[in-house]
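Number of protein chains: 2
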Amino acid sequence: MTQLEYARRGVITEKMKIAAQSEGVAPEFIRDGIAAGTIVICHNIKHLNGTPLPVGTGLRTKINANIGSSSDDTDMQKELEKARVAVKYGADAIMDLSTGGPVDEIRRAVVAETNACIGSVPLYQAALDAVRVKKKAIVDMTVDDIFAGIIKHAEDGVDFITVHCGVTRSTVERMKNEGRIMDVVSRGGAFTIEWMAYNNQDNPLFEHFDKLLEITKEYDMTLSLGDGFRPGCLADATDRAQIHELILLGELTQRAQAAGVQVMIEGPGHVPLQQIQANILLQKRLCHGAPFYVLGPLVTDIAPGYDHITCAIGGAIAAAAGADFLCYVTPSEHLRLPDVQDVRDGVIASRIAAHAGDIAKGVKGAMNKDIQMAKCRKKLDWEGQYSLALDPERARTLRESSPVSDHGACTMCGEFCAYKVMDDAMARQAAS
Amino acid sequence: MTQLEYARRGVITEKMKIAAQSEGVAPEFIRDGIAAGTIVICHNIKHLNGTPLPVGTGLRTKINANIGSSSDDTDMQKELEKARVAVKYGADAIMDLSTGGPVDEIRRAVVAETNACIGSVPLYQAALDAVRVKKKAIVDMTVDDIFAGIIKHAEDGVDFITVHCGVTRSTVERMKNEGRIMDVVSRGGAFTIEWMAYNNQDNPLFEHFDKLLEITKEYDMTLSLGDGFRPGCLADATDRAQIHELILLGELTQRAQAAGVQVMIEGPGHVPLQQIQANILLQKRLCHGAPFYVLGPLVTDIAPGYDHITCAIGGAIAAAAGADFLCYVTPSEHLRLPDVQDVRDGVIASRIAAHAGDIAKGVKGAMNKDIQMAKCRKKLDWEGQYSLALDPERARTLRESSPVSDHGACTMCGEFCAYKVMDDAMARQAAS
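Put into structure tokens, the structure is as follows:
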């Protein structure tokens, strides 16, 4: 039985207890959320070294780091180092999106490397197998190839899979009529559209959705219903292709939940700041409260090299508005495959966004560390500040790079540190 | 006559025309905004090499970079390099907050170095002169010293000055009754409070506000009414000390405007995300629409080393809600005096925030570059992308650090680039 089926019968499982403890909530809260479809626990029963990851309403906002090789950069050791760094700096989940080199070995090594929750896009597997193993083109994938890829990932212990089931003839037609600047920027979406055009058939993951449910149910994998029409630029955001796909994903959510399969929904991409709240509201309403897993959103298109920041802005607003799970973006987005430093920068930026969002939406205890940090700042307790920092090493490195004189403050204000001046003033007032 | 006095008489000045052209609005719009107090043009009549900077409702959100020496780091050349880098990467204004070394020489050199708008906090001058020239303590400043510092800055061509006029006995009392964690973190606020406690007098800049108006009017300097009670941590935000000070600043705004002096208001610091909109609304209402110059806001306390990101999140939300002018924060905030790289990172982060906010609040033409960027992305036109990027050098460096094979995309997706796959799919559909 899946966690959803247990929850519906009123059973509190071991995974629900672990999730409840990690969140500081009652196990009943987790169980009831799962039963209602507003919480999922991402954990494949085959992922023996994995930590069950609860995602959804009322819980801490989670963050995911995408890693993975490409045809231009196939170094497995670099990807494993990215996985370690992502987890070290606080990623809750890692998606292995490898499309170059020994992708099966990379995926298995990534699963083995950490205890993090693991996601993937199995369609890449089928596309690669068609191109590399069968020496054909992406469009030559068969429906069996696509499902074989999914089973392979399930067997390897992947906890959640992105499937672009809402990319259908009707949504493609809507997109073409609308006239987008960037069309489709999702790789899975693009592969599907090319396949449909060549084979003159609708999307097999939509057509054979029940088969997909059977497979995922067997492993209790969480279905992450992907947004093939996620906007690739601000001008394309919140258009009819995106929203029509979301309606379809909401309908598929109901079918999956009825079959006992846990579901979350993927969303945004590039979205102007003033449209983010509406995007969250639409997803929550159209998908009946299913957890929302959001890429970015990036609030401008003109900051290549700094898209961890454009993503942190959008992600914080999205989390505050109810997004449950943020996918990071690194400084190298749109420019190159990220390196290890990019992964660290991307993870920290997303943690900032998730944390700011958690404070805003009132997640229990979210402000505790901020309050402790403020107290350490006031006392000029530097070790205390480092220990509370999201990245203690970087905080220490920056301060220690700029030697202070004997005032105990930092070199920003030197002897005129406002904290010290205020201490003097308050002592003077108290004495007078 | 000041720009405000001209505007009230219906006159469109040369500076208003320059401002209108740089904003792409009608000169009448600038004139009427100045007359209404919702727009200021920051420009001291003595700042012969300076560019008049329009700030306010309906205009592009501006950004400021703080630079300046401290008692631990007095290198003038480094500060001049920061000024150049700040302007190169898009700062509209530079505040010289030097409190160490040859501060008069630094200020004059900073004014001469670029054409940017210049701000300062003249109280630091008086405090330093008391400590260093008179060999006394901050508390030994006389009222004349304080005004002498203001005149010195005015004579040097400073375009706007921060004055903490709202730090009074009544606001200090309110803060003490409330019980803050961080008390006062503004240096000008702390100096003032220590002075008041020692001298048993109220704030001279509040008591002698008319004298302040006389001086600023003579140079048409813009008064930037400082927030001595700006919250230093999330827990202290939007409390009665902060809001009471804002009420006082609103009253002083009316007095200044009645005297023909241009005014803007300074605000935030550390503010939880969900309180930012309310802070902007309160300022706009309590200060009758005067332009709002906002530090940060920083949306969490626990990210030292990354406060340019916590600031960009808050700044974008503030700008979207109506803030007119953002003060950057660098990665070194809370840890050390920023270096030159910090200035670049801080300026770019604030530009991202301001730009995202401008798109959200509908500033005319704000989306143009985003649309052009999207078109260049779709075409894989890399030179076009670099030329549109906020930081072209960094975009180029990242991409070129990761050599691509002959597919023309980038190493992120390699041969499986979604743009290319989609082009194939659309061509296939068009042909069929």
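Respectively, the protein sequence lines represent chains C and B. The numbering of the first sequence is the working numbering, which starts it at 5 and goes up by one. The numbering of the second sequence is the working numbering, which starts it at 5 and goes up by one. Glycine included, C-beta positions come from ideal geometry on N, C-alpha and C. These numbers come from a predicted model, not from an experiment.
Annotation for residue 386 of chain C: 403 place their beta carbon closer than 7 angstroms to its own, counting only its chain and skipping 5 residues before and after. For residue 138 of chain B, no chain C residue has a Cβ inside 9 angstroms of its Cβ, as the nearest lies near 16 angstroms away. For residue 188 of chain B, the closest Cβ of chain C is nearer than 8 angstroms.
Under the three-state reduction of DSSP output, residue 182 of chain B falls in the helix class. Partner residues in the beta bridge of residue 68 of chain C, as assigned by DSSP, are C:97, C:331. Within the model, the alpha-carbon separation for residue 236 of chain C versus residue 139 of chain C is close to 30 angstroms. By the rule that beta-carbons nearer than 8 angstroms mark a contact, residue 330 of chain B does not touch chain C. For residue 419 of chain C, there is no enclosing beta strand (DSSP E), as DSSP marks it with neither H nor E. Following the DSSP letters along the chain, one finds residue 274 of chain C inside the beta strand (DSSP E) bounded by residues 267 to 274. Taking 3 residues as the shortest admissible run, the region 85 to 146 of chain B contains the following complete beta strand (DSSP E) segments, listed from N- to C-terminal end: 97 to 100, 121 to 124. Among the residues of chain B, those whose CB is under 7 angstroms from the CB of residue 278 of chain C are 324, 364, following chain order. Distance from the CA of residue 130 of chain C to the CA of residue 145 of chain C, rounded to the nearest whole angstrom, comes to 6 angstroms.
A check of alpha carbon separations from residue 302 of chain B across B:313, B:296, B:105 identifies B:313 as the nearest. Annotated three-state conformation of residue 219 of chain C is helix, per DSSP. Between the region 43 to 58 of chain B and the region 218 to 229 of chain B, the count of C-beta pairs closer than 8 angstroms reaches three or more; the two stretches touch. Spanning the alpha carbons of residue 283 of chain B and residue 242 of chain B requires a straight line of approximately 7 angstroms.
Put simply, the backbone Cα of residue 91 of chain B is about 43 angstroms away from that of residue 63 of chain C. For residue 100 of chain C, same chain residues with a beta-carbon under 7 angstroms away, outside a window of 5 residues either side, are 71, 72, 110, 111, 114, 122, 124 in chain order. Taking C-alpha positions only, residue 429 of chain C is separated from residue 231 of chain B by approximately 18 angstroms.
Counting only the Cα atoms, residue 435 of chain B lies some 15 angstroms from residue 197 of chain C. Around the beta carbon of residue 7 of chain C, 16 or more other beta carbons sit within 10 angstroms, so the residue counts as buried.
The three-state secondary structure of residue 74 of chain B, taken from DSSP, is strand. Taken in chain order, the members of the region 416 to 429 of chain B whose beta-carbon sits within less than 9 angstroms of a beta-carbon on chain C are 416, 417, 418, 419, 420, 421, 422, 423, 424, 425, 426, 427, 428, 429.
Check the Cα spacing between residue 222 of chain B and each of B:154, B:210, B:133, B:277: the tightest is with B:154.
In the structure shown, residue 285 of chain B adopts helical secondary structure according to DSSP, grouped into three states. When rounded, the separation of the alpha-carbon atoms in residue 143 of chain C and residue 53 of chain C is 36 angstroms. If you draw a straight line from the Cα of residue 351 of chain B to the Cα of residue 98 of chain B, it comes to about 11 angstroms. With contacts defined by Cβ atoms closer than 8 angstroms, residue 120 of chain C and residue 347 of chain C do not form a contacting pair. Per DSSP, residue 344 of chain B is not a residue of any beta strand (DSSP E); the alpha helix (DSSP H) it occupies stretches across 344 to 365. Between the region 177 to 188 of chain B and the region 205 to 218 of chain B, the count of C-beta pairs closer than 8 angstroms stays below three; the two stretches do not touch. Residue 410 of chain C is classed as exposed because its beta carbon has fewer than 16 other beta carbons within 10 Å across all chains shown. The DSSP-derived three-state label of residue 228 of chain B is strand. The C-beta of residue 373 of chain B comes closer than 8 angstroms to at least one C-beta of chain C. A direct Cα-to-Cα measurement between residue 233 of chain B and residue 419 of chain C gives close to 20 angstroms. According to the DSSP assignment, residue 310 of chain B belongs to no beta strand (DSSP E), since it is labelled neither H nor E. Rounded to the nearest whole angstrom, the CA to CA distance from residue 118 of chain C to residue 254 of chain C is 33 angstroms.
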